[in-house]
Amino acid sequence: MDSRFVAAFLTEYLIIVDLIGLSGIFFFFRLSNDQRVQMYFWLPFMILIFTVFCENMVAYTLYDHEFNKTINAYLGNTEFPRYNLWLHNITNLLVLTSLYFFLIRYWIEPSKKKYMNWMIIGFLISNQILQFSGIEPIFWFQPIIFSIGANMILVGSGLYFVGFMTNDLYLNSNPLRLISFWQMTFILFTYSLTYINFVAMPFLVTHNYELGRSMFQINLIMSVFNLAILLLTIASPKLPKLFEKEPSYGFS
Amino acid sequence: MDLVESQVYIIIFSTLFLGGIMSTFVISMVFIHRQRQAQNLQKMDQVKSEHEKTLLNIENEIQQETLTHIGRELHDNIGQLLSLAKLNFGSIKPEKIAEGRDILGQAIQEVRGLSKQLNLDWVESISINEFIEQQLERIQNTGFCETSLDANFELIDLPKDRKLVLIRVIQESLNNALKHASPENILIRMRENGEIRQILIQDDGKGFDSSQKSNGSGMFNLKKRMETIGGEFNLTSSVGKGTEITLTLPN
Chain H
1 MDSRFVAAFL
11 TEYLIIVDLI
21 GLSGIFFFFR
31 LSNDQRVQMY
41 FWLPFMILIF
51 TVFCENMVAY
61 TLYDHEFNKT
71 INAYLGNTEF
81 PRYNLWLHNI
91 TNLLVLTSLY
101 FFLIRYWIEP
111 SKKKYMNWMI
121 IGFLISNQIL
131 QFSGIEPIFW
141 FQPIIFSIGA
151 NMILVGSGLY
161 FVGFMTNDLY
171 LNSNPLRLIS
181 FWQMTFILFT
191 YSLTYINFVA
201 MPFLVTHNYE
211 LGRSMFQINL
221 IMSVFNLAIL
231 LLTIASPKLP
241 KLFEKEPSYG
251 FS
Chain P
1 MDLVESQVYI
11 IIFSTLFLGG
21 IMSTFVISMV
31 FIHRQRQAQN
41 LQKMDQVKSE
51 HEKTLLNIEN
61 EIQQETLTHI
71 GRELHDNIGQ
81 LLSLAKLNFG
91 SIKPEKIAEG
101 RDILGQAIQE
111 VRGLSKQLNL
121 DWVESISINE
131 FIEQQLERIQ
141 NTGFCETSLD
151 ANFELIDLPK
161 DRKLVLIRVI
171 QESLNNALKH
181 ASPENILIRM
191 RENGEIRQIL
201 IQDDGKGFDS
211 SQKSNGSGMF
221 NLKKRMETIG
231 GEFNLTSSVG
241 KGTEITLTLP
251 N
């Protein structure tokens, strides 16, 4: 087998992510038709599959340098053709952050959903402005875009916890057995633990690459935890003893 | 320590700090949630015990009222019937003895009817419409005032505890009208409009200024009782224009 292929695709992280992805597909197709059309299941499934796809794409860009170079050149980056930041910016910073917004929006009280709507719109608009104005090009580090998204995610998680503490529906349940609680907790931890890392990434890459690399491991570990909780969400009908039925706000 | 090194320390410290803050945040959320949950449970227990107390009071009041009614019936109705039967049986005329037998039969029927009222099982078998009809008929029979019922739905699907509360509230509202308003007419309307079901008790009596705060606890109790079953109690009245009580039933 090509050694570059092995180095790109057969890493511990990618193997775990792929296994979680395959388990997600297995459990999703074991759901009933009614369950599959519920946002409770299909949104986590979509995030899970998209993340798995992105991670494999990242591995592919590390394997196929020519492909990465072509895309970089197309986007205007001829100076660092081996960087795959364009992929990270499109998938992680734009699409995945937006999908997490929708997941948070799904869990919060109907009266607070409007705040999430505005945050999603604000994030998408600011993202496009920063990118197309050239302040943060798509092929380079985007700490401002990341911090805007992460701050909004943290505020959204805060809104969830406000409802969690004040709403009678949530007060009657055990939080440690609620899937939404674990999803929100891991999202909160992911975005707070990787916050400094992503914001300081340009600095770390230049001055202390090894530290940057080590801190990036936090992101990988949190990503695995997030995927695991999304997998558990999809598999939750098969685990009735582990999770309680989620209190319903009349989700839509 | 050079600038780069100190910046690296700042980055590491900030990451740990943020992680620590988030951990503290989530743990505090869980603790606060647990605390609020305990408070909520306590509140629920309190509401439940208050509800049970209200029900017990209502059962006692209904039983008291029933006993008063039975006492009155024994004295005014059954006692009279038995006296009449005794008089008839004292006669030597066969037709009088036959009449005495009829009266005795009537008295037995009355006793059976009364015995059924001694426990509260009748509450389950009667609909609210039937109960209101009975109450209005009783008032009408006293000759105190004219009564009428106008209902566009039959209220039969209430659980016993809610029915008991509603019966007591209706009874008390009618008693209040008779005691304080001296009306010529009492009209009860039962209206169903979509999911809203209401009972309106109207009288054309003296009325009073309902905007003024009452010193008594009667209205407050009725309101409280309706709230314990998830319903509402509203009263509007003005001097010389009668009173209207609206009981909104729980869905």
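Listed in order, the protein sequences are those of chains H and P.
Its first residue numbered 1, the first sequence is counted upward by one per residue in the UniProt record's numbering.
Its first residue numbered 1, the second sequence is counted upward by one per residue in the UniProt record's numbering.
Ideal Cβ placement from N, Cα and C applies to all residues, glycine included.
(request) Put Arg191(P) into one of helix, strand or coil per three-state DSSP. (result) Position 191 of the second sequence, counted from the first residue, corresponds to residue 191(P). Three-state DSSP puts Arg191(P) in a strand.
(request) Can you grab the Cα-Cα spacing for the pair Met226(P) / Val169(P), in whole Å? (result) Here residue 226(P) refers to the residue found at position 226 when the second sequence is read from its first residue. Here residue 169(P) refers to the residue found at position 169 when the second sequence is read from its first residue. Using only the alpha carbons, I get a separation of about 8 angstroms.
(request) With a threshold of 16 other CB atoms inside 10 Å of the CB of Leu67(P), please say whether the residue is buried or exposed. (result) Residue 67(P) sits at position 67 when you count from the first residue of the second sequence. With fewer than 16 Cβ atoms within 10 Å of its Cβ, Leu67(P) is classed as exposed.
(message) Within a Cβ cutoff of 7 angstroms, which residues of the same chain sit near Leu43(H), ignoring the five residues on either side of it in sequence?
(response) As a first step, residue 43(H) is located in the first sequence; it is residue number 43 there, counting from the start. Only Phe102, Leu103 and Tyr106 meet the Cβ criterion.
(request) Could you tell me whether any Cβ in chain H is nearer than 8 angstroms to the Cβ of Thr228(P)? (result) As a first step, residue 228(P) must be located in the second sequence, where it is residue number 228. No, Thr228(P) does not count as interfacial toward chain H.
(message) Against chain P, does Leu193(H) count as a neighbour if the rule is that its beta carbon must be under 8 angstroms from one of theirs?
(response) Numbered from 1 along the first sequence, position 193 holds the residue referred to as residue 193(H). Leu193(H) counts as touching chain P.
(request) Could you work out which residue in Thr51(H), Asn72(H) and Gly163(H) is closest to Ser98(H) when comparing CA atoms only? (result) The sequence position of residue 98(H) within the first sequence is 98, counting from 1. The residue with the shortest Cα to Cα distance from Ser98(H) is Thr51(H).
(message) Suppose you measure from the CA of Leu87(P) to the CA of Gln109(P); what does that come to, to the nearest Å?
(response) Stepping through the second sequence from its first residue, residue 87(P) is reached at position 87. Stepping through the second sequence from its first residue, residue 109(P) is reached at position 109. Going from the Cα of Leu87(P) to the Cα of Gln109(P) covers about 19 angstroms.
(request) With 8 angstroms as the threshold, decide whether the Cβ of Thr24(P) is near any Cβ in chain H. (result) The residue labelled residue 24(P) in the question sits at position 24 within the second sequence. Cβ-Cβ to chain H under 8 angstroms: no for Thr24(P).
(request) Determine, using beta carbons only, whether Ala177(P) and Gly194(P) come nearer to each other than 8 angstroms. (result) In the second sequence, the residue the question calls residue 177(P) occupies position 177. In the second sequence, the residue the question calls residue 194(P) occupies position 194. Their beta carbons are not under 8 angstroms apart, which means Ala177(P) does not touch Gly194(P) by this criterion.
(request) Could you please give the first and the last residue of the uninterrupted alpha helix (DSSP H) stretch that includes Thr15(P)? (result) Position 15 of the second sequence, counted from the first residue, corresponds to residue 15(P). Here the alpha helix (DSSP H) through Thr15(P) covers Leu3 to Glu73.
(message) At the 8 angstroms Cβ level, is Val8(P) part of the contact set with chain H, yes or no?
(response) The residue you call residue 8(P) lines up with position 8 of the second sequence. Output row for Val8(P): interface = yes.
(message) In the DSSP output, what is Asn234(P) paired with across the bridge?
(response) Numbered from 1 along the second sequence, position 234 holds the residue referred to as residue 234(P). For Asn234(P), which the question treats as bridged, DSSP gives the partners Thr246(P).
(request) Just the C-alpha distance for Gly163(H) and Ile187(H), rounded to the nearest angstrom, thanks. (result) For this step, residue 163(H) is matched to residue 163 along the first sequence. For this step, residue 187(H) is matched to residue 187 along the first sequence. Roughly 17 angstroms between the two C-alpha positions.
(request) Would you mind working out which of Thr11(H), Ser173(H), Gln131(H) and Phe189(H) sits nearest Gly158(H), comparing C-alpha positions? (result) Stepping through the first sequence from its first residue, residue 158(H) is reached at position 158. Measuring from the Cα of Gly158(H), the nearest candidate turns out to be Phe189(H).
(request) Rounded to whole angstroms, what's the CA-CA distance from Arg4(H) to Met116(H)? Just pull it up for me. (result) As a working note, residue 4(H) is residue 4 in the first sequence. As a working note, residue 116(H) is residue 116 in the first sequence. Those two C-alpha atoms are separated by around 43 angstroms.
(message) Using a 10 Å radius around the Cβ and a threshold of 16 neighbouring Cβ atoms, would you call Asn251(P) buried or exposed?
(response) For the purposes of this step, residue 251(P) is taken as residue 251 along the second sequence, with counting starting at 1. Label assigned to Asn251(P): exposed.
(message) Which residues in chain P have a C-beta closer than 8 angstroms to the C-beta of Met165(H)? List them in chain order.
(response) Start at 1 with the first residue of the first sequence, and residue 165(H) comes out as number 165. Those within 8 angstroms of Met165(H) in chain P are Met29, Ile32, His33 and Arg36.
(request) May I have the straight-line CA-CA distance separating Lys223(P) from Asn234(P), to the nearest angstrom? (result) If you number the second sequence from 1, residue 223(P) lands on position 223. If you number the second sequence from 1, residue 234(P) lands on position 234. Rounded to the nearest angstrom, the two C-alpha atoms are 8 angstroms apart.
(message) Among Ala7(H), Pro240(H) and Asp168(H), whose alpha-carbon lies nearest the alpha-carbon of His33(P)?
(response) Here the question's residue 33(P) lines up with position 33 in the second sequence. Comparing Cα-Cα distances from His33(P) to each of Ala7(H), Pro240(H) and Asp168(H), the minimum goes to Asp168(H).
(request) Report yes or no: is there a C-beta of chain P within less than 8 angstroms of the C-beta of Thr97(H)? (result) Within the first sequence, residue 97(H) is the residue found at index 97, counting from 1. No - not a single Cβ of chain P is within 8 angstroms of the one on Thr97(H).
(request) With DSSP as the reference, please indicate the residues paired to Ser148(P) in a beta bridge. (result) Counting from one through the second sequence, the residue named residue 148(P) turns up at place 148. Leu187(P).
(message) So, for Lys69(H): in the same chain, excluding its five sequence neighbours on each side, which residues have a beta-carbon less than 7 angstroms away from its beta-carbon?
(response) Counting from 1 along the first sequence, the entry for residue 69(H) is found at position 69. Counting only Cβ-Cβ distances below 7 angstroms, and skipping sequence neighbours, we find Pro81.
(request) Would you grab the beta carbon distance between Thr246(P) and Ser237(P) for me? Rounded to a whole angstrom, and I think it's under 8 angstroms. (result) As a working note, residue 246(P) is residue 246 in the second sequence. As a working note, residue 237(P) is residue 237 in the second sequence. Not really, about 12 angstroms apart at Cβ, beyond 8 angstroms.
(request) Could you tell me how far apart the beta carbons of Ser127(P) and Leu155(P) are, in whole angstroms, since I believe they sit closer than 8 angstroms? (result) Reading the second sequence from its first residue, position 127 is the one you call residue 127(P). Reading the second sequence from its first residue, position 155 is the one you call residue 155(P). That pair is a contact at about 6 angstroms.
(message) Taking only three categories from DSSP, how would you classify Ile78(P)?
(response) Looking up residue 78(P) in the second sequence gives position 78. Reduced to three states, the DSSP call for Ile78(P) is helix.
(message) Only counting the same chain, and skipping five residues up and downstream in sequence, which positions put a Cβ closer than 6 angstroms to that of Met184(H)?
(response) Translated into positions along the first sequence, residue 184(H) becomes position 184. Contacts found: Ser157 and Tyr160.
(message) Using beta carbons (cut-off 8 angstroms, strictly below), is Val47(P) in contact with chain H?
(response) For this step, residue 47(P) is matched to residue 47 along the second sequence. No, no contact with chain H.
(message) Between the stretch 221 to 231 of chain H and the stretch 29 to 44 of chain P, can you find at least three pairs of beta-carbon atoms closer than 8 angstroms?
(response) no
(request) Leaving aside the five residues before and after Gly19(P) along the sequence, list all residues of the same chain whose C-beta is less than 6 angstroms from its C-beta, in chain order. (result) Reading the second sequence from its first residue, position 19 is the one you call residue 19(P). So no residue of the chain qualifies.
(request) Specify, as a first and last residue, the run of the alpha helix (DSSP H) that Leu166(P) falls within. (result) Here residue 166(P) is taken as the residue at index 166 of the second sequence, counted from 1. Segment Lys160 to Asn176, the alpha helix (DSSP H) holding Leu166(P).
(request) Determine the DSSP secondary structure at Leu64(H), reduced to helix, strand or coil. (result) Your numbering for residue 64(H) matches position 64 in the first sequence. This sequence places Asp at residue 64(H); Leu is not what is there. Coil, per DSSP.
(message) For a quick check, are the C-beta atoms of Leu15(P) and Asn197(H) less than 8 angstroms apart?
(response) Counting from 1 along the second sequence, the entry for residue 15(P) is found at position 15. Counting from 1 along the first sequence, the entry for residue 197(H) is found at position 197. Residue identity check: residue 15(P) is Thr in the sequence provided, not Leu. Yes, Cβ-Cβ distance for Thr15(P) and Asn197(H) is below 8 angstroms.
(request) Measuring alpha carbon to alpha carbon, tell me which of Glu137(P), Ile196(P) and Lys48(P) ends up nearest Asn185(P). (result) Counting from one through the second sequence, the residue named residue 185(P) turns up at place 185. Of the candidates Glu137(P), Ile196(P) and Lys48(P), the one whose C-alpha sits nearest the C-alpha of Asn185(P) is Glu137(P).
(message) Does the CB of Phe146(H) have a neighbour CB from chain P at under 8 angstroms?
(response) Counted from its first residue, the first sequence places residue 146(H) at position 146. Answer no: the Cβ-Cβ gap between Phe146(H) and chain P never drops below 8 angstroms.
(message) Within 8 angstroms, do at least three Cβ pairs link the stretch 51 to 65 of chain H to the stretch 76 to 96 of chain H?
(response) yes
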